[in-house]
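Per the numbering used here, the very first residue in the sequence shown carries number 5; after that it's consecutive.
Yeah, the Cβ is synthetic: ideal placement off N, Cα and C, and Gly gets one too.
Please read all numbers here as calculations on a predicted model, not as lab measurements.
As structure tokens, the structure follows; a few thoughts come after it.
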Amino acid sequence: MANLFGQKQSVTVVGMLKCKGKPSAGTKVKLYDNDHFTTDDLMAQSKTDNYGRFRLGGTAKEITKIDPKLNLYHDCNGDFPFTPCKWKITIKIPKNYITTGSHAPKVFDIGVLNLEGKFSGQKRDCIN
5 MANLFGQKQS VTVVGMLKCK GKPSAGTKVK LYDNDHFTTD DLMAQSKTDN
55 YGRFRLGGTA KEITKIDPKL NLYHDCNGDF PFTPCKWKIT IKIPKNYITT
105 GSHAPKVFDI GVLNLEGKFS GQKRDCIN
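See the structure below:
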């Protein structure tokens, strides 16, 4: 009967963000379940620590497999330092990192990401 209403699925992501060779401290990171016909479900959110590191773990309840993605919001290049608009980078989480249940023991590590680069699909986001 639990599958009729969906089942809990979890994912955990870690990484380190840098900007101009230094840790990107205080960068907003959000973990979503990408929904194709409704608004995406926010699974977790945080900010990077003083070393640019983050760890996000989240859970969503779905009938089908979740489609997790990580959004990073930054202004590394200082284009618009006094506006809420940030560059948004989206990273899709591979399906083999999704775990059934409330805890994801398998962790997806994005490694060290230099935010100075230009990324495919990167765009400005003023409502983050």
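Checklist entry - With 16 other CB atoms within 10 Å as the buried threshold, where does Ser14 fall? => result The residue labelled residue 14 in the question sits at position 10 within the sequence shown. Flag for Ser14 reads buried.
Checklist entry - Which residue comes first and which comes last in the beta strand (DSSP E) that contains Gln13? => result Counted from its first residue, the sequence shown places residue 13 at position 9. Where Gln13 is concerned, the enclosing beta strand (DSSP E) stretches over 11-23.
Checklist entry - Residues in its own chain within less than 8 Å of Cys80 by CB, not counting five upstream and five downstream? => result Taking the sequence shown and counting its residues from 1, the one referred to as residue 80 is at position 76. Cβ neighbours of Cys80 beyond the five flanking positions: Cys23, Lys24, Ser28, Trp91, Leu119, Glu120.
Checklist entry - Is Thr16 buried or exposed, if buried means 16 or more other CB atoms sit within 10 Å of its CB? => result Taking the sequence shown and counting its residues from 1, one reaches residue 16 at position 12. Thr16 comes out buried.
Checklist entry - Comparing alpha-carbon positions, which option in Ser50, Arg128, Ala64, Leu35 lies nearest Phe112? => result Locating residue 112 in the sequence shown gives position 108, counting from the first residue. Comparing Cα positions, the closest option is Leu35.
Checklist entry - Where do the ends of the beta strand (DSSP E) carrying Asn118 lie? => result Walking along the sequence shown from the start, residue 118 turns up at place 114. First-last of the beta strand (DSSP E) with Asn118: 111-118.
Item to check | Proximity winner among Lys65, Lys51, Tyr55, relative to His107 (alpha-carbon distances) | outcome: Numbered from 1 along the sequence shown, position 103 holds the residue referred to as residue 107. Of the listed residues, the one whose Cα sits closest to His107 is Lys65.
Item to check | Contact set for Met5: own chain, Cβ-Cβ below 6 Å, skip 5 residues either direction | outcome: In the sequence shown, residue 5 corresponds to position 1, counting from 1. Because the pLDDT at Met5 is just 43, under 50, the model does not fix this residue reliably, and the point stays unresolved.
Item to check | As assigned by DSSP and simplified to three states, the class of Lys69 | outcome: Within the sequence shown, residue 69 is the residue found at index 65, counting from 1. Here Lys69 sits in coil by DSSP.
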